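Chemist: Residue numbering for the sequence shown is 53 to 209, as defined by the working numbering. Every residue gets a Cβ at the ideal spot worked out from N, C-alpha and C, and that includes glycine. A quick note: this is a predicted structure, and the numbers were derived from the prediction, not measured. Before anything else, here's the structure in question.
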Amino acid sequence: MSKSLKRVQTALSAAGVAVQIIETPASARTAPEAAQAAGVALDQIVKSILFAGESGGLYLFLTAGGQHVDLAKAAALAGQALLRAEADVVRKVTGFAIGGVAPLGHLIPLPVWLDPHLLGFAQVWAAAGTPHHIFAIDPSTLQSLTNAVVAPFTMQP
Ligand code: 5CA
53 MSKSLKRVQT ALSAAGVAVQ IIETPASART APEAAQAAGV ALDQIVKSIL
103 FAGESGGLYL FLTAGGQHVD LAKAAALAGQ ALLRAEADVV RKVTGFAIGG
153 VAPLGHLIPL PVWLDPHLLG FAQVWAAAGT PHHIFAIDPS TLQSLTNAVV
203 APFTMQP
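Listed below in structure tokens is the structure:
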């Protein structure tokens, strides 16, 4: 089992959440691919998107698959201008490569926001550390596990 996958599984177990991680035969590297793999609506996929602030901090926005982050809204929440984090920074901070970034189990704890669109579903699906592993979770459980602040930060694509 990959170290990344194991880290997600350990984080979920440590939180006492019984969640089944599934391996997808086809790639689930992108939100549309993950939606196809899980057989669910695009907005039921959790995109774990990292932004870097001008002061060097990193911020995680858990975004519904069909939504786009509105940078101005996200920056207002973070309290500073934001840029998409570089792939190598994402890897260093989360321990995951882009396409498999999980919402939890990061190497370094991050401030997290959660898109209210995700709360409209009984279950949402997130990456489990690799582009071939996903898990389903109740979005309120995801919110409490990640200590996420629920606030709107998206725009219509
Ligand atoms: N496994 C899927 C579904 S959970 C997944 O990880 N989707 S994702 O949306 O969270 O991850 C892909 C995201 O990474 C996309 O939003 C994409 O815009 C972003 N991304 C892709 N390439 C880069 C890059 N070079 N630097 C920063 N972000 C990137």
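Put L57 into one of helix, strand or coil per three-state DSSP.
Modeler: helix
Chemist: CB of L197 to nearest heavy atom of the ligand 5CA: below 8 Å?
Modeler: no
Chemist: Should I186 be counted as a contact of the ligand 5CA given a C-beta to heavy atom distance under 8 Å?
Modeler: yes
Chemist: Keeping to the same chain, check which residues put their C-beta closer than 7 Å to that of V121; ignore five residues upstream and five downstream.
Modeler: I101, F113, T115, F205 and T206
Chemist: Would you say the beta carbon of R59 comes nearer than 8 Å to a heavy atom of the ligand 5CA?
Modeler: It does not: the Cβ of R59 is nowhere closer than 8 Å to a heavy atom of the ligand 5CA.
Chemist: Note down, in chain order, each residue of its chain lying with its Cβ closer than 7 Å to the Cβ of A149, except the 5 sequence neighbours on either side.
Modeler: Listed in chain order, the non-local C-beta contacts of A149 below 7 Å within the same chain comprise R143, local neighbours out to five positions each way being set aside.
Chemist: Does the segment 162 to 179 come into contact with the segment 188 to 198, if we say contact requires no fewer than three beta-carbon pairs (one atom in each stretch) closer than 8 Å?
Modeler: A contact exists between the segment 162 to 179 and the segment 188 to 198.
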